[in-house]
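Student: Before we start, here is the structure in question, set down as structure tokens.
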Amino acid sequence: MVVALLEVKDLTVRFGDDEAVRGVSFSLDSGVRTGLIGESGCGKSLTALAILGLAPTTATVTGSVRFEGEELIGRPERELCRLRGNRLTVVFQEPMSALNPLMKVGRQIAEVLEVHDKAGRGEARRRAIDLIEMVRLPDPSRTAHKYPHQLSGGQRQRIVLAMALAGDPALLIADEPTTALDVTVQADILLLLDDLVRDLDTSLLLISHDLSLVASLCEELLVMYGGTIVERGRVSEVFARPLHPYTAGLHSASSLEHSDGTDDLRTIEGSVPPIGQFPGGCVFRNRCEYADEVCLGVPPLRVPPGEPHEVACHHPVSHD
Amino acid sequence: MTDRLLARRGNLTRWMGLALVGFVVVMAAVSFVWQPYGIEAIDPTNTNTGPSVDHWLGTDPLGRDIFTQILVGSRTTLFVGVVAVGIASLIGVPVGMLAGSSGRWVNETVMRAMDIVFAFPAVLLAIILAAGFGGSTLTAMIAIGIATVPVFARITRAATLQVMTSDYVLVARSYGRRGVPLMVRYVLPNIASVIIVQASVAFAIAILAEAALSYLGLGTQPPTPTWGRSLQEAQTYLFINPLLPVWPGVAIALSVLGFNLLGDGLRDALDPTLRER
Amino acid sequence: MRPYLRWGALSVTLYLLRRLGIFLLSLVVASILAFVLLSLLPGDQAQTMLGVNADPEALAQLREELGTNRPILTQYTDWIGGVIRGDFGLSRSDASIGSEIVRRLQVTLPLVISGMTLATIIAVPLGTLAAMYNRRLPGTVLSVASQVGIAIPAFWMGIMLVTWIAVRWGLLPAGNFPTAGWAETASAVRSLILPVTVLGLAQGAVLMRYVRSAVLEVLNADFVRTARAKGMTLGQAMRRHGLRNAAIPVVTVLGLQLATLLIGAVVIEQVFSLPGLGRLLLDGVGNRDIPQVQGIVLVITGLVLFINFVVDVLYRAIDPRLRASA
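Chains as they are written, first to last, in this note's numbering: chain A, 1 to 320; chain S, 321 to 597; chain B, 598 to 923.
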């Protein structure tokens with residue numbers, strides 16, 4: 001039996017009595033690029049932080065996260081540290097604040113190698129310059145001597161990416177890596193990210209609220225709403241036949257191909273409730289046009305008859 | 321249980337601050353209509369007694385009632401605080417707004433001038449004034465007030481700089497609002513909470529400064545009682561009555577604590593963005 | 598050499614020169630203020646010296662001798678000219694003010710510097726702990742302790758220590774700095790223990806609050822999370838990335854506090870009867886000895902401005918973002 005690269009089971013994150021992530025389960029295979037999509041506040045970033053063991057100290061994390069066969073939840077921090085930045089790395093959303101303003105960026109990259117004893121000081125510095133070149137920044141040896149404030153947002157995100165790839169990771173988690181950037185820069189960074197994970201044969205978990213972005217980069221798709229996974233499948237299949245009313249709503253709200261110019265752009269009614277105020281049963285019940293008394297029960301994630309992928313809904317959208 | 325208590329600490333802080341400040345204010349108010357004894361009344365048969373039914377906090381070596389001294393002393397504390405913070409904010413806030421809304425040169429010049437004023441702390445200014453006029457309540461208030469101007473100016477400037485770049489001010493300016501009307505109608509209401517918080521904290525510092533000046537004999541003169549001078553007198557009687565310095569000190573500490581807590585509580589209540597994580 | 602490095606050095610030099618210029622200019626303005634304020638105050642020096650019933654001729658002669666009948670500008674330039682050469686003039690008792698100030702600084706400076714050191718030793722670890730245990734019991738206890746410490750007037754704490762430790766228990770002297778000064782090292786040190794404790798505790802409580810909020814800020818900073826994502830433990834991340842960032846606001850506060858301490862020393866010297874600069878200043882006020890007060894006020898404001906200058910420069914040295922925009 002082949003062990004999945006990452007296997008998440010019943011992952012739950014609580015703040016006091018409020019569940020922000022409620023029993024999320026999924027698995028990722030080696031070399032596969034997976035998108036995790038959802039509106040802000042649906043718990044997708046928290047899921048990533050919980051996998052990395054970096055959830056806020058005020059949060060309680062339960063469930064199981066197995067990475068390369070090893071359980072991560074409940075592990076002492078020292079052991080988690082051996083994985084983080086090494087086999088398991090992350091790129092956060094805000095390149096403006098993710099870098100230490102008082103340290104030259106070359107040092108910050110080299111540090112990754114030193115922390116994991118992969119190189120001595122001099123060797124790490126040389127490798128850092130190679131990494132800066134790899135993320136296609138001009139004049140690498142000079143860039144290494146710059147401070148974060150001397151770089152643009154896009155350049156800083158390239159540095160963060162270089163740090164994430166320095167340890168030759170098996171899995172790279174990218175949490176909204178381009179959201180904070182200008183549109184033109186976004187495209188460059190995505191192209192770079194795409195090329196690099198393909199070249200290095202790294203698995204990617206791309207977290208985003210942008211469906212089209214995930215579609216262009218990923219093969220697998222996880223749709224998250226209200227702290228749970230509501231739909232899961234191959235990107236092409238989910239796009240062709242979105243089964244959850246929420247996914248269908250996201251899909252038509254983000255794609256223009258369905259509008260003929262006369263229709264109003266379709267949107268999803270209402271907005272994401274704050275943590276702890278989701279309805280019981282199906283979390284989407286209060287915003288869903290198909291909701292009825294059946295939806296008072298929690299829908300399991302399963303493959304409906306005649307469909308190719310899983311959905312957690314009592315009334316999957318019919319495409320016939 | 322503890323978690324919930326700790327989470328509500330902001331509320332608790334505010335109420336404790338309010339209660340302590342309220343206590344001092346009530347003490348001062350009461351002293352106008354009722355005092356157990358006259359401030360200069362001497363009871364030669366009862367010198368240096370401990371707390372009793374007749375003398376709640378006891379008497380000093382001259383036979384004066386300590387509670388009366390503390391009660392009436394709260395007036396000076398509050399009076400000096402109000403006037404000093406008033407002077408500081410009336411000068412400091414307009415200066416800070418001017419600096420925060422003007423070009424680089426005005427900004428720089430004003431703030432450098434504030435640095436120079438800052439080099440004359442309250443006690444030093446009070447000493448300068450006392451050298452000419454002799455110490456008095458007035459010189460203490462002016463000294464503390466002027467020394468506190470830079471604090472208000474700096475904080476107002478920082479808040480103004482921030483508000484000036486906000487959308488609503490930009491919109492107002494695009495409609496041609498400028499100068500004093502822009503400042504009063506758009507900027508001031510939006511920085512008011514910062515200034516109120518600062519006023520509470522500055523009040524606490526003013527109480528400490530007033531006490532120090534009275535202690536040094538550079539503030540309010542006898543026979544008006546002040547907490548600071550009570551401490552100075554207590555120090556001369558240390559060998560006779562070591563408990564004497566306790567009461568004025570407790571009074572000062574509780575009032576300072578009250579205004580500081582009130583300031584913290586107000587910060588949480590008025591400006592959620594400043595709330596501590 | 599790479600050219601951008603030389604540009605960097607040039608901009609640093611330019612910044613230092615500009616900041617030094619501002620410092621000197623502020624010093625001149627402050628000296629004018631100190632002199633003019635004190636000279637224009639009511640109360641004629643000659644009159645004070647000779648009494649209200651003095652003979653008008655004697656008064657005029659004394660004014661001539663003191664030079665107080667000349668225009669204020671001339672008086673100022675004479676005074677400041679002397680000060681620059683190290684001559685602060687003569688006090689009422691015909692002693693050299695300059696050498697008296699130097700003698701008194703030998704008490705005040707050690708007092709202030711040890712007080713600041715003690716405050717830092719107290720505040721940095723406790724403030725950091727308070728931040729690490731924020732919203733938990735140890736953090737709350739430490740925060741409450743610091744609030745109470747801030748509210749207690751330093752001179753009251755001094756009086757209480759004198760009452761109990763010095764007078765009642767006789768453990769340490771209540772001041773009594775030896776007349777021989779530092780020549781009697783042991784008793785000089787002993788006489789400063791209580792005053793330094795008072796200054797250190799009082800300032801430590803204030804400083805702790807700033808350390809706590811600076812560390813809290815950094816604990817929640819994204820770059821610390823990044824460092825942990827690289828594989829550092831929280832402790833490593835704080836040591837390598839957090840502390841330097843937290844140091845920036847703390848250095849500023851340290852500078853401001855040093856200025857506060859200088860003034861706090863005036864009061865504390867009174868409590869412990871220490872022959873420092875503050876006592877000299879208060880004696881000067883008591884005797885209406887205007888030249889002596891002017892000299893000391895100038896020294897104190899000068900020190901405050903100098904501290905401001907040093908803090909500004911340090912601030913730039915720590916923070917590369919400011920180095921570039923010089």
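Each residue gets a CB set at the ideal place from its N, CA and C atoms; glycine is no exception. Fair warning: this is a prediction, and the values are worked out from it, not measured in the lab.
What's the C-alpha gap between D17(A) and G276(A)?
Tutor: Position 17 of the first sequence holds residue 17(A). Position 276 of the first sequence holds residue 276(A). For D17(A) and G276(A), the distance between alpha carbons rounds to 8 Å.
Student: Closer than 8 Å, CB to CB, is P872(B) near chain S or not?
Tutor: Residue numbering aside, residue 872(B) sits at position 275 when the third sequence is read from its first letter. Not one chain S Cβ lies under 8 Å of P872(B).
Student: Going along the stretch 806-819 of chain B in order, which residues come within less than 8 Å of chain A, judged by CB to CB distance?
Tutor: So the close ones are A818, D819.
Student: Would A655(B) be called buried (16 or more neighbouring beta carbons within 10 Å of its own) or exposed?
Tutor: Within the third sequence, numbered from 1, the residue matching residue 655(B) stands at position 58. Exposed is the call here.
Student: Below 8 Å between beta carbons: does that hold for A439(S) and V471(S)?
Tutor: For the purposes of this step, residue 439(S) is taken as residue 119 along the second sequence, with counting starting at 1. For the purposes of this step, residue 471(S) is taken as residue 151 along the second sequence, with counting starting at 1. Cβ atoms of A439(S) and V471(S): not closer than 8 Å.
Student: Under 9 Å between beta-carbons, which chain B residues line up against R101(A)? List them in chain order, please.
Tutor: Against the first sequence, residue 101(A) aligns to sequence position 101. One point to set straight first is that residue 101(A) is Pro, not Arg, in the sequence displayed. Ordered by position in chain B, the residues that pass the 9 Å Cβ test against P101(A) are F820, N842, D916, P917, R918.
Student: Under a Cβ-count criterion, where at least 16 other Cβ atoms within 10 Å of its own Cβ denotes burial, should G342(S) be classed as buried or exposed?
Tutor: Here residue 342(S) corresponds to residue number 22 of the second sequence, with the count starting at 1. It is exposed - the Cβ of G342(S) has fewer than 16 other Cβ atoms within 10 Å.
Student: Kindly indicate which residue of P356(S), M336(S), L391(S), D374(S) has the alpha-carbon position closest to the one of W567(S).
Tutor: Here residue 567(S) is taken as the residue at index 247 of the second sequence, counted from 1. When only C-alpha atoms are compared, the closest one is L391(S).
Student: Any beta-carbon of chain A closer than 8 Å to the one on G828(B)?
Tutor: To locate residue 828(B), count along the third sequence from 1; it is residue 231. Output row for G828(B): interface = yes.
Student: Tell me which same chain residues have a C-beta within less than 6 Å of the C-beta of P279(A), skipping the five on either side of it?
Tutor: As a working note, residue 279(A) is residue 279 in the first sequence. So the list reads R285, N286, once near-sequence residues are dropped.
Student: In chain order, which beta strand (DSSP E) runs of at least 3 residues are fully inside the stretch 64-140 of chain A?
Tutor: Entirely contained in the stretch 64-140 of chain A, the beta strand (DSSP E) runs reaching 3 residues are, in chain order, 88-91.
Student: Could you check what DSSP says for R615(B) in three-state terms: helix, strand or coil?
Tutor: Residue numbering aside, residue 615(B) sits at position 18 when the third sequence is read from its first letter. Looking at R615(B) - three-state DSSP - the assignment turns out to be helix.
Student: Helix, strand or coil: which one does DSSP assign to D385(S)?
Tutor: By 1-based counting over the second sequence, the position of residue 385(S) is 65. Looking at D385(S) - three-state DSSP - the assignment turns out to be strand.
Student: Within the 8 Å Cβ cut-off, does E79(A) reach chain B?
Tutor: In the first sequence, residue 79(A) corresponds to position 79, counting from 1. False, the Cβ-Cβ gap to chain B never drops below 8 Å.
Student: Work out the CA separation of A187(A) and A291(A) for me, nearest whole Å.
Tutor: To locate residue 291(A), count along the first sequence from 1; it is residue 291. To locate residue 187(A), count along the first sequence from 1; it is residue 187. A291(A) and A187(A): Cα-Cα distance of roughly 38 Å.
Student: With DSSP run on the structure shown, which of helix, strand or coil describes L11(A)?
Tutor: As a position in the first sequence, residue 11(A) is number 11, starting the count at 1. In the structure shown, L11(A) sits in a strand (DSSP, three-state: E or B).
Student: State buried or exposed for R836(B), treating a residue as buried only when at least 16 other CB atoms are found within 10 Å of its CB.
Tutor: Position 239 of the third sequence, counted from the start, is the residue given in the question as residue 836(B). Under this definition R836(B) is an exposed residue.
Student: Let's see if you can read the secondary structure: which residues bound the alpha helix (DSSP H) around T928(B)?
Tutor: Nothing in the structure corresponds to residue 928(B), since chain B is present only between 598 and 923.
Student: Consult DSSP for F906(B) and reduce its assignment to one of helix, strand or coil.
Tutor: On the third sequence, position 309 is the one that residue 906(B) refers to. Residue state, collapsed to three classes: helix.
Student: Who are the neighbours of N773(B) on chain S, taking C-beta pairs under 8 Å?
Tutor: By one-based count along the third sequence, residue 773(B) stands at place 176. Chain S residues near N773(B): none, gap ~14 Å exceeds 8 Å.
Student: Using a beta-carbon distance cut-off of less than 7 Å, what residues from the stretch 607-632 of chain B approach chain S?
Tutor: The stretch 607-632 of chain B vs chain S, Cβ under 7 Å: I619, S623, V626, A627.
Student: Here's the rule: buried if 16 or more other CB atoms are within 10 angstroms of the residue's CB, otherwise exposed. What is V311(A)?
Tutor: Locating residue 311(A) in the first sequence gives position 311, counting from the first residue. So V311(A) ends up on the buried side.
Student: For N86(A) and chain B, any beta-carbon pair shorter than 8 Å?
Tutor: For this step, residue 86(A) is matched to residue 86 along the first sequence. Yes, N86(A) counts as interfacial toward chain B.
Student: Whole angstroms is fine: what's the gap from T262(A)'s alpha carbon to G154(A)'s?
Tutor: By 1-based counting over the first sequence, the position of residue 262(A) is 262. By 1-based counting over the first sequence, the position of residue 154(A) is 154. Residue placement at T262(A) cannot be trusted, given a pLDDT of 47 that sits under 50; the coordinates are not used to answer.
Student: Buried or exposed: which applies to N731(B), given that a residue is buried once 16 or more other Cβ atoms fall within 10 Å of its Cβ?
Tutor: Stepping through the third sequence from its first residue, residue 731(B) is reached at position 134. It is buried - the Cβ of N731(B) has at least 16 other Cβ atoms within 10 Å.
Student: Quick one, which of P668(B), I681(B), F632(B), S711(B) has its alpha-carbon nearest L858(B)'s?
Tutor: One-based indexing of the third sequence puts residue 858(B) at position 261. The shortest C-alpha separation from L858(B) is found at S711(B).
Student: At least one CB of chain S closer than 8 Å to the CB of F752(B): is that the case?
Tutor: For the purposes of this step, residue 752(B) is taken as the residue at position 155 of the third sequence. At least one chain S Cβ lies under 8 Å of F752(B).
Student: Would you mind stating whether I207(A) and A180(A) have Cβ atoms separated by less than 8 Å?
Tutor: Numbered from its first residue, the first sequence carries residue 207(A) at position 207. Numbered from its first residue, the first sequence carries residue 180(A) at position 180. Not in contact: I207(A) and A180(A) (Cβ atoms no closer than 8 Å).
Student: Consult DSSP for E661(B) and reduce its assignment to one of helix, strand or coil.
Tutor: Residue numbering aside, residue 661(B) sits at position 64 when the third sequence is read from its first letter. Reduced to three states, the DSSP call for E661(B) is helix.
Student: Could you list which residues in chain S have their beta carbon closer than 9 Å to that of T674(B), in chain order?
Tutor: As a first step, residue 674(B) must be located in the third sequence, where it is residue number 77. Ordered by position in chain S, no residue passes the 9 Å Cβ test against T674(B), which lies about 20 Å from the chain.
Student: Below 7 Å on C-beta distance, what does I436(S) contact in chain B?
Tutor: Taking the second sequence and counting its residues from 1, one reaches residue 436(S) at position 116. Near I436(S) (Cβ distances below 7 Å), the residues of chain B are S623, V626, A627.
Student: So G539(S) packs on T546(S), CB below 8 Å; how close in whole Å?
Tutor: Counted from its first residue, the second sequence places residue 539(S) at position 219. Counted from its first residue, the second sequence places residue 546(S) at position 226. Right, their Cβ atoms sit about 7 Å apart.
Student: DSSP three-state label for R22(A), please.
Tutor: Position 22 of the first sequence holds residue 22(A). In this structure, R22(A) counts as strand in the three-state DSSP scheme.
Student: Below 8 Å on the Cβ atoms is my guess for P299(A) versus H314(A); work out the distance and round it to an integer in Å.
Tutor: As a first step, residue 299(A) is located in the first sequence; it is residue number 299 there, counting from the start. As a first step, residue 314(A) is located in the first sequence; it is residue number 314 there, counting from the start. At roughly 5 Å, the Cβ-Cβ gap stays under 8 Å, so P299(A) and H314(A) are in contact.
Student: Within 8 Å of any Cβ in chain B, is that where the Cβ of H309(A) sits?
Tutor: The residue given as residue 309(A) occupies position 309 in the first sequence. Output row for H309(A): interface = no.
Student: Use the C-beta contact count for G318(S): other C-beta atoms within 10 angstroms, 16 or more gives buried, fewer gives exposed.
Tutor: Here chain S comprises residues numbered 321 to 597, so residue 318(S) is not present and cannot be evaluated.
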